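Our numbering puts the first residue of the sequence shown at 669, with every later residue one more than the last. Every residue, glycine too, gets a C-beta built ideally from N, C-alpha and C. If you're wondering where the values come from, they're calculated on a predicted model, not measured in any experiment.
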Amino acid sequence: MDRLWAPWRHSYIAVASQKPDAGIDDCFMCRGLGQQADRENLLLQRRRASAVFLNRFPYNNGHLLVAPLAHKARLQDLTADEAMEIQTTLADMVTLLERTMQPEGFNIGLNLGRVSGAGVPGHLHWHIVPRWNGDTNFMPVLSDTKVIVQSLESLYDLLHGLQGRDA
Numbered sequence: 669m670d671r672l673w674a675p676w677r678h679s680y681i682a683v684a685s686q687k688p689d690a691g692i693d694d695c696f697m698c699r700g701l702g703q704q705a706d707r708e709n710l711l712l713q714r715r716r717a718s719a720v721f722l723n724r725f726p727y728n729n730g731h732l733l734v735a736p737l738a739h740k741a742r743l744q745d746l747t748a749d750e751a752m753e754i755q756t757t758l759a760d761m762v763t764l765l766e767r768t769m770q771p772e773g774f775n776i777g778l779n780l781g782r783v784s785g786a787g788v789p790g791h792l793h794w795h796i797v798p799r800w801n802g803d804t805n806f807m808p809v810l811s812d813t814k815v816i817v818q819s820l821e822s823l824y825d826l827l828h829g830l831q832g833r834d835a
């Protein structure tokens, strides 16, 4: 029998069973924003009202999270400026991923509340998941395993180094 080792998933499983709704002190995005170790926290970009993180537990290579800087749980809590900047940031990150990874499509979405799948229901965040023809194969179906072809550190360095450059 072949084995595909993914020990980094253990930290997700261990953390997922903790507190039901993390407050601001337990929010990985707020912690990451409060530190200077951006690469270590996978914080790709800080803007005036939003930030971009690499997803530490990606659904696919290049999976990004776009969030407001403020710890807000509901769409109606966003100011008009925050909502507009998030939309602009989503578009900018799609452009960056198109330039660097050439995906054939994207899944972009927001989960509101724990029952919808929100892993951090207290801090709004949008997922950008690049997609390629054939990226869904037998592994997730037969073995509940997703193969990610690039390390988070390598992806961070690639995207961080290309931010702000013209296409």
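> Roughly how many angstroms lie between the CA atoms of I816 and E750, to the nearest whole one?
Replying inline: Taking the first residue of the sequence shown as 1, we reach residue 816 at position 148. Taking the first residue of the sequence shown as 1, we reach residue 750 at position 82. Cα to Cα, the separation comes out at about 32 Å.
>> If I follow the unbroken alpha helix (DSSP H) through F774, where does it start and stop?
In response: What you label residue 774 is simply residue 106 of the sequence shown in a count that begins at 1. No alpha helix (DSSP H) holds F774; the beta strand (DSSP E) holding it covers G773 to L778.
>> Can you give me the C-alpha to C-alpha distance between Q818 and P789, rounded to a whole angstrom?
In response: Residue mapping note: residue 818 aligns to position 150 of the sequence shown, counting from 1. Residue mapping note: residue 789 aligns to position 121 of the sequence shown, counting from 1. Each residue's CA atom was taken as its position, placing Q818 and P789 some 28 Å apart.
> By Cβ distance, which residues of its chain are closer than 7 Å to L710, with the 5 residues on each side in sequence left out?
Replying inline: Your numbering for residue 710 matches position 42 in the sequence shown. Leaving aside the five residues that flank L710 on each side, the residues in its chain whose CB is nearer than 7 Å to its CB run, in chain order, F721, L722, R724, L820 and Y824.
> Quick check: the region 777-786 against the region 752-763, are there 3 or more CB pairs under 8 Å?
Replying inline: Taking 8 Å as the limit for Cβ pairs, the verdict is that the region 752-763 does not touch the region 777-786.
> So which of I776, R699, E708 and L830 has the shortest CA-CA distance to A759?
Replying inline: Counting from one through the sequence shown, the residue named residue 759 turns up at place 91. Considering only alpha carbons, the answer is I776.
> Do you know how far the Cα of T768 is from the Cα of L826?
Replying inline: Within the sequence shown, residue 826 is the residue found at index 158, counting from 1. Within the sequence shown, residue 768 is the residue found at index 100, counting from 1. Each residue's alpha carbon lies about 8 Å from the other.
>> Classify D745: buried if its beta carbon has 16 or more other beta carbons within 10 angstroms, exposed otherwise.
In response: Taking the sequence shown and counting its residues from 1, the one referred to as residue 745 is at position 77. Counting the other Cβ atoms within 10 Å of the Cβ of D745 gives fewer than 16, which makes it exposed.
> Who are the Cβ neighbours of L810 in its own chain at under 7 Å, not counting the five residues just before and after it?
Replying inline: Mapped onto the sequence shown, residue 810 falls at position 142. Interpretation of L810 is limited by its pLDDT of 49, a score under 50 that renders its predicted location unreliable; no figure is taken from the coordinates.
>> Please list the terminal residues of the continuous beta strand (DSSP E) segment that includes I754.
In response: Position 86 of the sequence shown, counted from the start, is the residue given in the question as residue 754. First-last for I754: A748 to M769, but that is the alpha helix (DSSP H), not the beta strand (DSSP E).
> Cβ of L778 within 8 Å of Cβ of A741?
Replying inline: In the sequence shown, the residue the question calls residue 778 occupies position 110. In the sequence shown, the residue the question calls residue 741 occupies position 73. Taking C-beta atoms as the reference points, L778 and A741 fail to come closer than 8 Å.
>> Which of the three DSSP states is assigned to S718 in this structure?
In response: Here the question's residue 718 lines up with position 50 in the sequence shown. When secondary structure is reduced to three states using DSSP, S718 falls in the strand class.
> Any Cβ of chain B within less than 8 Å of the Cβ of L792?
Replying inline: Here chain B cannot be found, since the structure has a single protein chain.
> With burial defined as no fewer than 16 other Cβ atoms inside 10 Å of the residue's Cβ, what is the status of Q703: buried or exposed?
Replying inline: For the purposes of this step, residue 703 is taken as residue 35 along the sequence shown, with counting starting at 1. Looking at its Cβ environment, which holds fewer than 16 other Cβ atoms inside 10 Å, Q703 is exposed.
> Mind checking whether L701 and L737 have CB atoms under 8 Å apart?
Replying inline: Translated into positions along the sequence shown, residue 701 becomes position 33. Translated into positions along the sequence shown, residue 737 becomes position 69. Against a cut-off of 8 Å, the Cβ pair of L737 and L701 comes out as a contact.
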